[in-house]
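Below is one structure, written out as structure tokens; comments come after it.
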Amino acid sequence: MRLPAFLLRRLQAKAEQITRRTPSKVIGTDYLTRWYVVPRNRLFNMYLHHVTGDDPDINLHDHPWLFNSSVVLRGRIREEMPAKERMLETGSFTTRLGRAPHRLLLNTPDSLTLFITGPKIRKWGFYTPTGWVNSKAYLRADGNGRNVTKLHVVPVNNNATSLPEVEKRSA
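Rendered as structure tokens:
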């Protein structure tokens, strides 16, 4: 879905104002800068993301929220999913369920996105060749998340339309 041009321009102007503030969080050195657009709460959150690099991990990941939506305010992003990929262009709006595995790759030097989330309902993690791995365990493994063979994983159903149950053990 694409936003109407007038709405995209208004969001871009607001984003420009927000990026003049001190960022709320910086993730990695060449990855993501985040600003909280609304005060963080348990039901609904809105973040402005300045993305300067691809998702750093080779495995698809999911999210802890019931749903999440992205509005691309600037740039082009390729979204990889289990059975397909799509291009998210400036002005595109997309919504996913939290359990939907994906990976984002920049097709431009950077991007600016409005990221909206629903309530947090679960843990998030990565879909590895051996199964789903809780994010804390995945990111802790040797510091790079790629040494997953020694971790407790939940087997992934090879049917791309079926997602695994969430791991019940805490990492």
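Counted the way this note's numbering counts, the sequence shown spans residues 535 to 705.
A virtual CB, placed ideally from N, CA and C, is assigned to each residue, including glycine.
In this text the structure is predicted, and so the values were computed from the model without any measurement.
Could you tell me the boundaries of the beta strand (DSSP E) in which residue i lies?
i, result
"Leu622", "Glu619 to Leu622"
"Thr647", "Ser645 to Thr651"
Return yes when the Cβ of residue j is within less than 8 angstroms of the Cβ of residue i, no when it is not.
i, j, result
"Lys657", "Pro598", "yes"
"Ile561", "Arg554", "no"
"Arg536", "Gly625", "yes"
"Phe601", "Thr628", "no"
"Leu631", "Ala549", "no"
"Tyr565", "Pro538", "no"
"Asp588", "Leu638", "yes"
"Val572", "Ile552", "no"
Alpha helix (DSSP H) containing residue i: first to last residue?
i, result
"Ile552", "Ala539 to Ile552"
Please state whether DSSP places residue i in a helix, a strand or coil.
i, result
"Ala674", "A small fix is needed here, since residue 674 is Arg in this sequence, not Ala. Here Arg674 sits in helix by DSSP."
"Ser604", "strand"
"Ser669", "helix"
"Lys657", "coil"
"Ser558", "coil"
"Leu594", "strand"
"Met535", "coil"
"Thr586", "coil"
"Met580", "strand"
"Arg612", "strand"
"Arg637", "strand"
"Thr629", "strand"
"Arg484", "This structure does not reach residue 484, given that the chain is present from 535 up to 705, and the question cannot be answered."
"Thr567", "strand"
"Thr642", "coil"
"Thr662", "strand"
Between residue i and residue j, which are expected to be in contact by the criterion C-beta below 8 angstroms, what is the C-beta distance as a whole number of angstroms?
i, j, result
"Phe649", "His595", "Not really, about 14 angstroms apart at Cβ, beyond 8 angstroms."
"Asn641", "Arg610", "4 angstroms"
"Lys647", "Val585", "Correcting the residue type first, residue 647 is Thr in the shown sequence and not Lys. About 7 angstroms; that satisfies the 8 angstroms criterion."
"Ser622", "Glu614", "It should be pointed out that residue 622 corresponds to Leu in this sequence rather than to Ser. About 11 angstroms; that fails the 8 angstroms criterion."
"Thr651", "Asn593", "21 angstroms between Cβ atoms; not a contact."
"Pro616", "Pro635", "6 angstroms"
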